[in-house]
Amino acid sequence: MVDLTAVTGSVELVRAPAEVRRARILGITYLLLAVVVYFVFAAGTDGDVTFRFGEQAGDLEWTVSASLLATVAAIIFGFLGGVQLTKGFGSKTNLVLGAAMGVFAFTFLGWAGAGKSIGIVGILVTTVAAATPIAFGALSGVMCERVAVINIGIEGMLLTGAFTGAVVGTVLSPVLGIIGATLAGGVMALGLAVLAIRYRVDQIIAGVVINIFALGITSFLSAQVLVENASELNNPGVLGPLRIPLLADIPVLGRILFNQNIFVYVLYSLVGVMTYLLFRTRWGLRSRAVGEHPKAADTLGIDVFRTRYRNVFYGGMIAGFGGAYFTLGSVGSFNENMTAGRGFIGLAAMIFGRWHPVGALAAALVFGFAESLQIRLSILDVGIPSEFLLMAPYVVTIIVVAGVVGAARPPAADGQPYIKQ
Amino acid sequence: MTQEQMPTTEQPTPAEPRWMQRIAPRDVDWTTLVIIPLLAVLSALIIGAVIIVLTDGFGAVLPAYWALFKGAFVGWSSISETLLAATPLILAGLSVAIGFQAGLFNIGAEGQMTIGGLTAVIVGFNFEGLPLVVHLPLAVLAGFLGGALWGFIPGILRARTGAHEVITTIMLNFIAYRTLDYMLKLPFIQKEGRFDPVSKDVLDSATFPPILKWLPVENADRLRLHLGFIVALAVAWLVYWILYRSTIGFEFRAVGANPHAAKYGGIGVATAIVLVMALAGGLAGMAGGNETLGVLGRATPGFTAQIGFDAIALALLGRSHPGGVVLASILFGALRAGGRTMQAQSDVGIDLIVVVQALIIVFIAAPELVRAIYRVKGGKKQGQVTRGWST
Amino acid sequence: MLPADHGDGRSDLKLELRNVTKRFPGVVANDSVDLSVESGEILGLLGENGAGKTTLMNILYGLYSADEGEIIIDDRVMHFEGPGDAIAAGIGMVHQHFMLVPVFNVTENVVLGVEPTVGPLGTIDLGEARREVEEISSRYRLEIDPTAVVEDLPVGIQQRIEIIKVLFRDASIIVFDEPTAVLTPQEVEDFFKIINGLKESGKGIIFITHKLGEVLEVADRVAVLRRGRVVGEVDPEEATKEQLAELMVGRPVDLVVDKETAQPGEVVLSVKDLLVRDDRQRTAVDHVSFEVRAGEIVGVAGVQGNGQTELVEALTGLSLPLGGHVFLSGEDITLASPRSLHRASVAHVPEDRQRSGLILDFDVAENIVLDSYYAEPYSHGLRMDWGYAHQHAEELITQYDIRTPSSYVTAGNLSGGNQQKLIVAREFARDTKLIIASQPTRGIDVGSIEYIHSRIVEERDNGAAVLIVSSELDEILALADRILVMYRGRIVAEVNREDATPSQLGLYMAGSVA
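Chains as they are written, first to last, in the numbering used here: chain A, 10 to 430; chain B, 20 to 410; chain C, 4 to 517.
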């Protein structure tokens, strides 16, 4: 056997300048958080906050001094900052960042709820619901980017799915609405694929084009046709939650995870299926090869173009399905531009999750939590203007993208059209 | 495609006529520059007609399109409205275009416009007693600076952390909208006596004056076209000069074309990125100022009216060249102005314009598609810009 | 799908290319090419860069389709729609630039496209795959760890993976495209052993190269390609390098650069204890020290990947060293930017001309002023003087023999040789105190190579200090007055040209300290 270490020389791992800078920014952010958390949330806050982990009597409850909670959190952040600035967390950086966000949110809740009681379960249920469309967006992104096609058009596909789901759901049935939405998303994605693969349009521009197009068509049809004929065309209703027996009885987690609507259950399965297919099957190996080194795949007889078209189509279907969640799973009818940027947040979740289906789901949950928090806080009337709370998911996205990208590696050929002679 | 893999040619293909080369951009020929966009617009209008047929029947097409044309080009009032609508489009389009030239995707023109319009308005309703010659430029400058700040943020994030500006600018759009909502309810900004989010009125000394009053036609004093249009044209010329005649513009274009070679040539890539994004933000901010200091006279939520998104189409349509952007803006301005007339005088709503514009973008983004449809030959291949997510 | 016994293939196969012609816009890449190869023989295919060798092999491998002519195996005409068909017909190709997915491991790369699967979902049977890889590896003495990730492996080992890939698919004819470009002389010897082993087990081999010595040593027959045509078939037992070179280029070629002895003056570049890390955080330049004097050419020899790229980047301001110092005539330039080095009359001809040296979308004039636009006379303050830039570019086009109709032509339209001459023109046409040239003649035609070499010597004779980094030992031997050898980030030898021999340098390049 070849002695590989002999040839590669010294293998001390020192971090790259850009990575050092990113690590330093993150570390300083943690330290700043520690300071902010202490002085804003801890100092001067009176009262205890009660976290309820269930709505029935006898369910778990935890009462703690809000000030103490915040102080502990501040110490944790200080510690994290110290570690980040010195050693760093390596590949676990994202995980730690996600966990830190959780701690911060928890502390924030504690401060906001000082003297009151807060139902955690409700927040987490909303978290899963809010995370769902984002997760579908992220999974759509993963499917496309694994074959090196950047899909900025997820927002447009979600919107198209939402629209189709509403209309077909009203005219025919909700189930057919979902199928229609899925197909509509796939068709939109084919549009992206044709632009990016066949005509070699810049993938980001192609995605932006798809978004503008989707927004234009859905808004036009909504204003022109749906508004007047709301009851005949835009009234599909909402698919209610399905309770899974046995699993839903698990304390705390059961109520959150297994009492959701069909979209959420499909999400769980999809994450599992995608992970298996991507990393254990022939389809997955070839797809990933196309994304990492299309020329190599080509020389081995793999049809790069067909693989890309196919996977982008699947990605579109995933986004279309996720889009149906807005109308058939949440609101019950279509409104113009109702996706409000979730597709882009999904992209951020994909990057945060390092292009892995499970990571994408976890990241989507983080964003969903931010949104859920925002809803809860506006009810609590915390004294922070609602507009700033509404900004929260978007700010979190920026933090994630700035702190995280580059630490993970996208598929090597990401963004580049494949040119065959 | 490396040189090793392609057979070498001793004589490269003949060059374009000199005068055309001096206009720049690279590898431009008549087909790509003029014919394709025309065909794209034509195709979009045809498909738009089909949509009208599907939603309102055959009879609706001609009245709708005639109203569209009338509202855009027939009579001084229409021309005034067209050019008026084109003005913020020019500025926002330049914002996106200058980004593209440097290889950056400024999807945040909406947000930059929002913030710029807000800062312009704040300067505009303060400072009573200043003469127009001072107050207006000051307000315009405030608009520029506000937008520049909003462009600076994604710029520095991209330069220092590699965060892709597509995501950060889009996020900042949403943040800008919410910020505007919030600010418009603050006492020192909100109009007295109102509870809805609307700003105080801009003083006359900071309002763009109309420029067509002197025309010898009826109701000339009702023509709304104002000084902003001239400013926009001047800015377009300035951007042209910067891009193609200055050292800074050379750096921007080099970074956009090949950042490795730019670095080799001594260009500070990170600095260029930040500068371009700030400049782009400032241009979009000026577009915002043009609206709030112009016909609106104040700031309200949504005053940007999707102009920032149209700007993306304009930059694509104009091939990121300031001259092209101006022409494209006039076209879109015509669609907007005409579209209002179309909505008022026919059964077709103004959202059709959005669809037509979207279709134009689709066809422009894929010139090969238009070529294939109309069997147009020749022209150069479209290059790709994207380099993936990280720097 | 795959038989249990790998690598056998046929042992009585005859492959013929008859009258193959392929045209691209403006050029005929292959012109009525006739070639044949049989099981158990090695055909050497010789030609300079741009002669059409790779195009021809891409046709054979199904990546291109010929405009005219046929591929015939055992008297049956073959139609290849893609590499899959060629692979099925028993043709295997080991590409010049490896076709390996860096993040996959050895096994995954080998089985990609012909994976053994189990179950309805197409789950890959990794155990079976690994077993098969190990079987081939031991049968053909290609030692490899099937679970190693490719991007962690050195280049010489990666080549073995390519060979295993080809054997895994039962290739009977194996094409090697410039296989020795990345090997030390010793590794080349090992490689020849492997090739001969394959020949003995009945494979037919096509060995593509531009290196005259190698093809004479290992091939049974040699075909020479020039401008797309086969201009001769030669028996290596009888031919000489000079004959081959003349066939390749079409005129007598001087294989040695004509130059006078150097007259070295003051020390211009002084590198002390330089420490540089690569972008994977490993030490690439390991405490390197050397000097270059005015009026001499110092050549850094070594196989690619031993730190040369990182050394040049650190010296030219494109990356920051972590330790050590660099002095330019006494001034500390260790952390200097490319701009300040340019101001200090340091010229840099970069290794990758299309990536770092040129902006392909810009025209010739814009590329000429790429690193000097910021100062007079190319600009006045903020304003560019394009008139002067184009005028200056026209002058350089004439002076440096850049074949282009005007300075308005886009750089991407120039041939490789002319692109390189553009860069050389840009760098040499000003006051140069120090020239750092990395792989200055890679991938270009012989005429341009000769021209650039003579220009380099001319600069030296005008008093410039010249540092050449090249993985082509012949180039170093032709140009350098003093030779350094780099191995694993260290300078392991320093020899004067008159005392140097290729075999001795080869030993240093392979890390054996004599």
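Heads up, the beta-carbon is just placed ideally off N, CA and C, and yes, glycines get one too. Note that the coordinates shown come from a computational prediction; the quantities given were computed from them, not determined experimentally.
{"Check": "Quick one, are the C-beta atoms of A/V58 and A/A82 less than 8 Å apart?", "Outcome": "no"}
{"Check": "Enumerate in chain order the residues of its own chain whose CB-to-CB distance from A/A232 is below 8 Å, with the five nearest sequence positions on each side excluded.", "Outcome": "E345"}
{"Check": "Starting from the beta carbon of A/D57, find every residue of chain C whose beta carbon is closer than 7 Å, and list them in chain order.", "Outcome": "Under the 7 Å cutoff, chain C gives no residues; its nearest Cβ is about 49 Å from A/D57."}
{"Check": "Whole beta strand (DSSP E) runs in the stretch 144-186 of chain C with 3 or more residues, listed along the chain?", "Outcome": "176-180"}
{"Check": "Pick from C/R458, C/L278, C/E334, C/P182: whose alpha carbon is nearest that of C/A493?", "Outcome": "The identity of residue 493 of chain C in the sequence shown is Arg, whereas the question assumes Ala. Of C/R458, C/L278, C/E334, C/P182, the residue nearest in Cα terms is C/L278."}
{"Check": "With DSSP as the reference, label C/D15 as helix, strand or coil.", "Outcome": "coil"}
{"Check": "Which of helix, strand or coil does DSSP assign to C/I74?", "Outcome": "strand"}
{"Check": "Give me the DSSP bridge partner(s) of C/A226.", "Outcome": "C/L48, C/E236"}
{"Check": "Indicate whether at least one CB of chain C lies closer than 8 Å to the CB of A/T179.", "Outcome": "no"}
{"Check": "Can you name the start and end residues of the alpha helix (DSSP H) that C/D34 belongs to?", "Outcome": "It is not in any alpha helix (DSSP H) - C/D34 instead sits in the beta strand (DSSP E) that spans 30-41."}
{"Check": "Under the three-state reduction of DSSP, which class applies to C/K25: helix, strand or coil?", "Outcome": "strand"}
{"Check": "Count the other C-beta atoms from every protein chain shown that fall within 10 angstroms of the C-beta of A/G424, then say buried if there are 16 or more, exposed otherwise.", "Outcome": "buried"}
{"Check": "What's the call for C/R254, buried or exposed, on a 16-neighbour Cβ count within 10 Å?", "Outcome": "exposed"}
{"Check": "Could you please give me the residues that DSSP links to C/L278 through a beta bridge?", "Outcome": "C/D289, C/G326"}
{"Check": "Enumerate, from N- to C-terminal direction, the unbroken beta strand (DSSP E) stretches of 3 or more residues contained entirely within the stretch 69-116 of chain C.", "Outcome": "71-76, 79-81, 94-97"}
{"Check": "CB-CB under 7 Å to B/I98, same chain, minus the five flanking residues each way: which ones, in chain order?", "Outcome": "F92"}
{"Check": "Which of the residues in the stretch 349-374 of chain A, read from start to end, lie with their CB under 7 Å from any CB of chain B?", "Outcome": "G350, F353, L356, A357, I360"}
{"Check": "Below 8 Å on the Cβ atoms is my contact criterion, and I expect A/A202 with A/Y318 to pass it. Report the Cβ-Cβ distance as a whole number of Å.", "Outcome": "5 Å"}
{"Check": "Compute the distance between the beta-carbons of C/V522 and C/L59, then report whether it is under 8 Å.", "Outcome": "Outside the modelled stretch of chain C, which goes from 4 to 517, sits residue 522 of chain C, for which no answer is possible."}
{"Check": "Using a Cβ-Cβ distance cut-off of 8 Å, determine whether A/M400 contacts chain B.", "Outcome": "yes"}
{"Check": "By DSSP, does B/P229 sit in helix, in strand, or in coil?", "Outcome": "strand"}
{"Check": "Below 8 Å on the Cβ atoms is my guess for A/G263 versus A/P183; work out the distance and round it to an integer in Å.", "Outcome": "About 26 Å separates the two Cβ atoms, so there is no contact after all."}
{"Check": "Hey, could you find the ends of the beta strand (DSSP E) C/T212 is sitting in?", "Outcome": "207-212"}
{"Check": "Does chain A have any CB closer than 8 Å to the CB of C/E111?", "Outcome": "yes"}
{"Check": "Could you tell me whether the stretch 269-288 of chain A touches the stretch 139-146 of chain A, where touching means 3 or more Cβ pairs closer than 8 Å?", "Outcome": "yes"}
{"Check": "Whole angstroms is fine: what's the gap from A/I34's alpha carbon to B/R179's?", "Outcome": "10 Å"}
{"Check": "Measuring only between beta-carbons, confirm whether C/G116 sits less than 8 Å from chain A.", "Outcome": "yes"}
{"Check": "Listing by chain order, which chain C residues have their CB less than 8 Å from the CB of A/D211?", "Outcome": "Here the premise fails: no neighbours, minimum Cβ distance about 14 Å."}
{"Check": "Would B/L191 be called buried (16 or more neighbouring beta carbons within 10 Å of its own) or exposed?", "Outcome": "buried"}
{"Check": "Contact between the stretch 48-68 of chain C and the stretch 149-160 of chain C is defined here as three or more beta-carbon pairs at a separation below 8 Å; is this criterion met?", "Outcome": "no"}
{"Check": "Are there 16 or more other CB atoms within 10 angstroms of the CB of B/Q40, so buried, or fewer, so exposed?", "Outcome": "Confidence at B/Q40 is low in this model, with a pLDDT of 45, below 50, so its placement is unreliable and no value can be given for it."}
{"Check": "Once you ignore the five residues that flank C/I521 on each side, which residues in its own chain have a CB closer than 8 Å to its CB?", "Outcome": "Nothing about residue 521 of chain C can be read from this structure; chain C reaches only from 4 to 517."}
{"Check": "Which of helix, strand or coil does DSSP assign to B/D75?", "Outcome": "helix"}
{"Check": "Using CA coordinates, which residue listed in C/T183, C/G72, C/D289, C/L219 is at the minimum distance from C/K275?", "Outcome": "C/D289"}
{"Check": "Of the choices C/V169, C/G159, C/L18, whose alpha-carbon is the least far from that of C/E192?", "Outcome": "C/G159"}
{"Check": "By alpha-carbon positions, which one of B/D200, B/Q362, B/A239 ends up nearest to B/W95?", "Outcome": "B/A239"}
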